[in-house]
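Notes follow once the structure below has been shown.
In my numbering, the protein residues as written are 15 to 245.
Put into structure tokens, the structure is as follows:
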């Protein structure tokens, strides 16, 4: 019943290649512009603080986070968490990433609908990431199509989450690029370089969405839900 399926490689190799390219471009861009300091000399934490304050978000706390590029905004406790390479650095990379995360705080404050949808999907998506495989394997073992199909639906939820993440991340970067200049965080001549880090990072979310879609299509085909294959 269980064997290696070459079809899996046909679906997954393109996703793996795209993910590898996106990750490499992100690390390369971050490394390149982390060596270039903004002439405003603001650190990532100071840049995020200025952007938040300019939008009246004085109550959003900025904290240090552990790990490389572990930066994130937590809507549950309204904290902006910046990695050491971003928090303390005055580089264009650090400022771009910090302002991007501040962009998420602005989305939260303004009731940005895609962010609300993504946040509502987080609990079920956390379960679906491993529950999908469990249901599909259990369904195949028990020869139960309803159980296996439930696993496919969990993969579908993961794809929807990856898809809704795209406008959320794009909008946060757009807000950051605009306000880095209008708030005097970087000089107009520096804005393009700071934005290149965000553009490269966005590719990782595109790669994740493509991977989620290909995984969904593979299991739909594997179970005969599309393409007529049910072996």
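Idealized CB from N, CA, C, for every residue including glycine.
First through last residue of the beta strand (DSSP E) which encompasses residue i
| i | result |
| --- | --- |
| residue 96 | 93 to 96 |
| residue 78 | 75 to 78 |
| residue 86 | 86 to 88 |
Reduced DSSP secondary structure (H/G/I, E/B, other) of residue i
| i | result |
| --- | --- |
| residue 206 | helix |
| residue 16 | Reliability fails at residue 16, whose pLDDT of 48 lies under 50, so the model's placement of it is uncertain and the value that follows must be treated cautiously. In this structure, residue 16 counts as coil in the three-state DSSP scheme. |
| residue 103 | coil |
Closest residue to residue i among the options (Cα-Cα distance)
| i | options | result |
| --- | --- | --- |
| residue 197 | 111, 66, 33 and 53 | 66 |
| residue 37 | 233, 215, 240 and 226 | 215 |
| residue 166 | 124, 121, 234 and 207 | 234 |
| residue 105 | 53, 42 and 173 | 53 |
| residue 56 | 218, 201, 209 and 221 | 201 |
| residue 224 | 177, 144, 88 and 132 | 177 |
| residue 71 | 156, 96, 46 and 92 | 92 |
| residue 194 | 68, 229 and 153 | 68 |
| residue 108 | 75, 41, 74 and 137 | 41 |
| residue 246 | 128, 222 and 110 | Any answer about residue 246 is impossible in this case: the structure gives the chain only from 15 up to 245. |
| residue 130 | 151, 147 and 88 | 88 |
| residue 189 | 157, 208 and 39 | 208 |
| residue 203 | 84, 75, 79 and 50 | 50 |
| residue 35 | 84, 86, 221 and 127 | 221 |
| residue 184 | 212, 60, 160 and 143 | 212 |
Own chain, CB closer than 8 Å to residue i, minus 5 neighbours either side, in chain order
| i | result |
| --- | --- |
| residue 232 | 21, 22, 25 and 26 |
| residue 125 | none |
| residue 132 | 175, 178, 179 and 182 |
| residue 73 | 92 |
For residue j and residue i, believed in contact at Cβ under 8 Å, the rounded distance
| i | j | result |
| --- | --- | --- |
| residue 219 | residue 180 | 6 Å |
| residue 99 | residue 82 | 6 Å |
| residue 210 | residue 47 | 7 Å |
| residue 163 | residue 237 | 7 Å |
| residue 171 | residue 150 | No, residue 171 and residue 150 are not in contact; Cβ-Cβ is about 14 Å, not under 8 Å. |
Segment limits, alpha helix (DSSP H) that includes residue i
| i | result |
| --- | --- |
| residue 147 | 127 to 156 |
| residue 63 | 58 to 68 |
| residue 190 | 159 to 196 |
Cut-off 7 Å between Cβ atoms - residues of its own chain near residue i, not counting five sequence neighbours on either side
| i | result |
| --- | --- |
| residue 186 | 114, 117, 118 and 121 |
| residue 205 | 191, 194 and 195 |
Spatial neighbours of residue i in its chain, beta-carbon cut-off 6 Å, leaving aside the 5 residues before and after
| i | result |
| --- | --- |
| residue 135 | 175 |
| residue 29 | 224, 225 and 228 |
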